[in-house]
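In terms of full-length UniProt numbering, the sequence shown opens at residue 1 and continues consecutively.
To start, the structure under review is shown below, and the notes come after it.
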Amino acid sequence: MLLDLAHWLVQPAPVAARRLGYVGESVRLASRSRRCRAAWAPHLAAAKDAVRAAIEGLDRHDTAVVLGAGLLDDVPIDTLATAFRRVVLVDAVHPWRGRWRARHHRNVERLTHDLSGTQDLLLGRGDALGPALPDICREADLVVSANLLSQLPILPVARLEAAGRLGPWTDADAFGHGIVAAHLDALAGLPARICLVTDRDETEEARDGRAIARIDLLYGVDPGPAPRAWDWVLAPFGEAARDRRLVHRVSAWPDWRPA
């Protein structure tokens with residue numbers, strides 16, 4: 001707990017990201033990734049392989065954009081920095097671990113952006129979802145949405161549930177659906193190749209393999225059939241509960257387009 005507090009205090013981030021809980025979420029993710037390093041290893045390797053596959057066959061290698069770069073646990077930053085003239089890492093918070101991993105690459109830059117499109121709404125400065133993607137995406141040859149899609153609604157939906165209303169939104173499920181759909185719609189409108197990696201559902205499992213509960217992490221939005229899929233043991237036994245674990249089903253598209 002003290003280590004997490006220290007990381008929260010020294011985390012470079014805009015004031016708005018602190019107010020909205022994105023710094024705390026980043027710190028918690030970093031802590032869990034350290035505790036669950038072995039359980040997460042197959043998932044992180046598969047996610048990196050999907051990004052590497054997305055690079056193959058590209059006509060141009062000028063600019064790559066990584067949405068949801070975060071810790072860079074699931075992003076092959078060395079491969080991207082070698083393959084492209086410019087790599088832009090985009091996230092609401094850029095933690096020290098991600099900065100450290102990219103430190104040797106002079107062609108890697110960071111861009112702070114609210115990828116959920118909800119920041120102004122949550123801060124009471126508007127009534128509609130904002131731009132889901134930064135303008136740099138329209139210049140890119142490759143855009144990677146890196147295990148981001150299911151994460152976008154988490155804090156905004158929690159804020160709506162606590163407040164009861166955010167602008168015109170009162171239904172949490174509809175709000176979550178709108179955020180997820182807006183991200184995919186924005187990706188679909190880009191000229192770049194899109195590499196999409198996302199978890200789609202969460203299953204709570206008992207030690208005997210029984211499924212206790214299942215949650216649709218994408219609020220009913222379907223990105224389509226995926227050429228790659230695997231299970232990610234997000235919380236092994238003993239992490240969230242002694243006799244239960246959380247398993248996410250992950251899908252990946254090295255070259256995604258809407259069905």
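Where a beta carbon is used, it is the ideal one built from N, C-alpha and C, also for glycine.
Paired residues, beta bridge with residue i - DSSP
i, result
"Asp231", "Arg249"
"Arg67", "Before going on, a small fix: residue 67 reads as Leu here, not Arg. Answer by DSSP bridge pairing, in chain order: Val90, Ser145."
"Val241", "Here residue 241 is Ala; the residue named in the question, Val, does not match the sequence. Looking at the DSSP assignment, Ala241 forms a beta bridge with Arg244."
Cβ shell of residue i (< 6 Å), same chain only, five flanking positions each side left out
i, result
"Arg125", "none"
"Gly21", "Leu155"
"Ala92", "Ala17, Tyr22, Asp114"
"Leu5", "The pLDDT assigned to Leu5 is 45, lower than 50, so where the model puts this residue is not dependable, and the model offers no usable value."
"Pro258", "Ala188"
"Leu121", "Leu166, Gly167"
N-terminal and C-terminal residue of the alpha helix (DSSP H) that residue i is part of
i, result
"Glu139", "Run containing Glu139: none; DSSP gives neither H nor E here."
"Glu161", "154-163"
"Arg210", "Segment: none, Arg210 is in no alpha helix (DSSP H) and carries neither H nor E."
"His43", "37-55"
"Ala16", "15-19"
Endpoints, beta strand (DSSP E) assigned at residue i
i, result
"Glu109", "108-112"
"Asp120", "Counting along the chain, Asp120 falls outside any beta strand (DSSP E), though it belongs to the alpha helix (DSSP H) covering 119-122."
Own chain residues within Cβ distance below 8 Å of residue i, not counting five before or after
i, result
"Trp8", "Note that Trp8 has pLDDT 47, beneath the 50 cutoff, so the model's placement of it is unreliable and no number is given."
"residue 321", "Residue 321 lies beyond the residue range present for the chain, which begins at 1 and ends at 259; the question has no answer from this structure."
"Arg214", "Asp201, Glu202, Thr203, Glu204"
Close-in-space but distant-in-sequence residues of the same chain around residue i (CB under 7 Å, 5 per side omitted)
i, result
"Ala226", "Ser251, Ala252, Trp253"
"Glu239", "Arg35, Cys36"
"Leu152", "Leu115, Ser116, Ile179, Val180, His183"
Contact test: residue i Cβ vs the ligand MG heavy atom, cutoff 6 Å
i, result
"Pro191", "Absent from the structure shown: the ligand MG. Ligands present: none."
### Query
Which whole runs of the alpha helix (DSSP H) in the stretch 157-207 are 4 residues long or more, in chain order?
Complete alpha helix (DSSP H) runs here, min 4: 172-188.
### Task
Jot down the residue ranges of each uninterrupted alpha helix (DSSP H) in the stretch 76-108, minimum 4 residues, whole runs only, in chain order.
Secondary structure in the stretch 76-108: the alpha helix (DSSP H) runs of 4 residues or longer, each lying completely within the stretch, are 77-83, 96-101 in chain order.
### Stretch-stretch touch, CB-based, cutoff 8 Å, three pairs: the stretch 104-113 with the stretch 141-149
No, because fewer than three Cβ pairs between the stretch 104-113 and the stretch 141-149 fall closer than 8 Å, the two stretches do not touch.
### Query
Is the number of C-beta pairs between the stretch 29-48 and the stretch 216-224 that are closer than 8 Å three or more?
For the pair of segments examined, the stretch 29-48 was found not to touch the stretch 216-224: the number of CB pairs separated by less than 8 Å stays below three.
### Query
How about the stretch 199-206 and the stretch 179-187: do they share at least three Cβ pairs that are nearer than 8 Å?
Verdict: no, contact absent.
### the stretch 71-88 contacting the stretch 162-170, beta-carbon criterion three pairs below 8 Å
The stretch 71-88 and the stretch 162-170 do not touch, with fewer than 3 CB-CB distances between them shorter than 8 Å.
### Message
Contact between the stretch 185-200 and the stretch 42-55 is defined here as three or more beta-carbon pairs at a separation below 8 Å; is this criterion met?
### Response
Yes: at least three Cβ pairs fall under 8 Å.
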